[in-house]
Every structure is written in structure tokens, then in C-alpha cells.
Amino acid sequence: MTTILLARHGETDWNKNNYFSGRANIELNEKGQRQAQMLGRYIGSHWQPSTLYTSPFDRAINTGKYIADTFELQSQQLPLLVDIDYGIWQAKLHKEFREKHPDQWLMWLEHPERYVFEDGESLQDVQVRARNIIQKIEKSHESETVVLIGHDCVNRLLMLEFLGLPLSAYRKVIQGNGCLNVVKIVNGAYVIVSMNERAFLGEYRF
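In the UniProt record's numbering, the protein residues as written are 1 to 206.
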């Protein structure tokens with residue numbers, strides 16, 4: 001049985017202020033650092049992971065640092081875990097997108113599976129990466145406990161794959177900053193133990 005501990009990085013100021021973060025290398029803010037510490041503490045009290053993969057962006061690497069230190073693990077950067085490429089909307093406010101292009105904004109909200117960011121990616125692009133991540137875990141880490149530190153979009157796509165749901169269900173999956181999802185692979189089947197778990201963050205979950 002393989003156990004996947006899938007977490008989203010802690011909060012950044014761009015998350016807090018509703019920017020499209022995407023491929024920008026944004027640091028954790030103070031709250032995000034506390035979330036990362038509590039995530040590391042929570043994992044440390046319940047599991048014994050053998051491998052830690054993070055997105056190559058600092059907000060994910062530094063979230064994983066507390067887990068790596070707890071278990072004396074070598075954190076490995078996995079480019080497949082990068083966030084979606086928002087193209088021309090990278091580093092822009094959600095509000096600006098909504099006001100300048102209300103029809104596109106509505107499409108992104110209501111039918112995200114049909115939307116492609118100009119000069120960026122679609123959910124189908126991220127879905128390919130998510131499937132490759134799962135294949136890598138199944139092939140290389142059988143019967144291990146593996147930690148993955150990713151981003152909102154790629155984490156949602158991973159959870160949709162585990163749940164067997166289509167891209168149109170994207171908005172039904174929530175991934176808060178510092179959250180943890182626990183998935184077991186049992187005889188080739190995915191068993192969802194928990195999803196978007198954040199109670200362990202205490203006051204830092206709000």
C-alpha cells in the first residue's frame with residue numbers, strides 16, 4: 001500500500017490579495033510560514049514519509065523544509081508539480097481580469113475545462129502533468145509514504161484523478177493554503193482518506 005500526502009504550500013501575500021501567482025516565485029508570508037510549520041508538525045506526528053517532492057518554487061520548497069528537517073529527508077524538486085501558467089494574466093489581480101474581460105472570467109469560473117489562458121495553459125495541460133506525477137509515484141514508490149507539496153491548480157487536478165472525476169468538476173475541489181490530502185493506493189485503487197484537511201492549522205486556517 002502506497003500513501004500519498006499531498007499538501008498545498010502555505011499562504012503568500014499574492015494568495016491573500018488575490019493575484020494570479022502561477023509561475024511567479026513568491027515567498028511565504030508570516031502566516032504561510034506558520035502554516036508550513038504546523039503542517040510539518042502534523043505530518044511528523046502521524047506518518048513516517050520516505051520521500052519528499054516539492055514544486056521548484058520557493059513557496060513550495062519552504063513549505064516542505066519543515067517536513068524535510070523533521071525526518072532528515074532530502075527535499076527533491078519535481079517540475080511536474082508547478083502551478084498552471086496563467087499567461088498574460090500572470091501577476092495580475094483577479095479583480096482586473098473580472099472587470100476587463102467579464103465573459104472570459106465567467107467562462108473560467110463556470111466552465112474552466114474549456115478555458116485556455118492566452119500565452120499560457122489549459123486545465124488539460126495541467127492534467128497531463130498530474131497523470132505523470134501519479135505514474136511516477138506508482139512506478140517508483142510502491143509501498144512507501146510520499147509527500148508532495150504543490151499548488152492550488154495542480155493539486156485540484158491530482159485530486160480529480162484520484163476521485164475519477166472530469167475536469168468540469170474542477171470547482172468542486174478546494175485546496176486551501178497549507179492543506180493536506182491523504183490518498184492511499186490499495187491494489188491499484190485510490191482510497192481518499194481526507195481532502196483539504198486544515199483543522200490542524202488552528203487559528204492559521206482562517
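From the three backbone atoms N, C-alpha and C, an ideal C-beta is built for every residue, glycine too. Being a predicted model, the structure only gives us computed values, none of them experimental.
Could you pull the start and end residues of the alpha helix (DSSP H) that residue i belongs to?
{"i": "S168", "result": "Element bounds for S168: n/a, residue is neither H nor E."}
{"i": "A130", "result": "123 to 140"}
{"i": "V154", "result": "152 to 163"}
{"i": "N15", "result": "13 to 16"}
{"i": "H46", "result": "30 to 46"}
What separation, rounded to the nearest whole angstrom, lies between the Cα atoms of residue i and residue j?
{"i": "S168", "j": "E110", "result": "9 angstroms"}
{"i": "V186", "j": "R114", "result": "33 angstroms"}
{"i": "A91", "j": "G22", "result": "8 angstroms"}
{"i": "I134", "j": "D58", "result": "23 angstroms"}
{"i": "P56", "j": "D85", "result": "14 angstroms"}
{"i": "I4", "j": "K184", "result": "6 angstroms"}
{"i": "W108", "j": "K172", "result": "14 angstroms"}
{"i": "K142", "j": "E161", "result": "Position check: residue 142 holds Glu in this sequence, whereas Lys was assumed. E142 and E161: Cα-Cα distance of roughly 18 angstroms."}
{"i": "D69", "j": "Q37", "result": "10 angstroms"}
{"i": "Q124", "j": "G32", "result": "29 angstroms"}
{"i": "R98", "j": "K16", "result": "17 angstroms"}
{"i": "C179", "j": "W14", "result": "17 angstroms"}
{"i": "G40", "j": "R34", "result": "10 angstroms"}
{"i": "L80", "j": "Y66", "result": "21 angstroms"}
{"i": "F117", "j": "D83", "result": "13 angstroms"}
{"i": "H101", "j": "P49", "result": "44 angstroms"}
{"i": "I137", "j": "R205", "result": "29 angstroms"}
{"i": "E203", "j": "N25", "result": "26 angstroms"}
{"i": "T54", "j": "V147", "result": "8 angstroms"}
{"i": "W89", "j": "K95", "result": "11 angstroms"}
Look up residue i in the DSSP assignment and say whether it is helix, strand or coil.
{"i": "L5", "result": "strand"}
{"i": "V183", "result": "strand"}
{"i": "N196", "result": "strand"}
{"i": "L73", "result": "coil"}
{"i": "A24", "result": "coil"}
{"i": "I174", "result": "coil"}
{"i": "Y19", "result": "strand"}
{"i": "residue 208", "result": "Nothing can be reported for residue 208, as the shown portion of the chain is limited to 1 through 206."}
{"i": "Y204", "result": "helix"}
Taking the beta carbon of residue i as the centre, do at least 16 other beta carbons fall within 10 Å, making it buried, or is it exposed?
{"i": "Q76", "result": "exposed"}
{"i": "V128", "result": "exposed"}
{"i": "Q175", "result": "buried"}
{"i": "E121", "result": "buried"}
{"i": "I192", "result": "exposed"}
{"i": "D119", "result": "exposed"}
{"i": "N132", "result": "exposed"}
Determine the extent of the beta strand (DSSP E) in which residue i is found, giving its start and end residues.
{"i": "L52", "result": "51 to 54"}
If we cut at 8 angstroms on Cβ distances, does residue i have a partner in chain D?
{"i": "I133", "result": "No chain D appears in this structure, which consists of one protein chain only."}
| Minimum length 4: unbroken alpha helix (DSSP H) runs contained in the region 78 to 103 | 94 to 100
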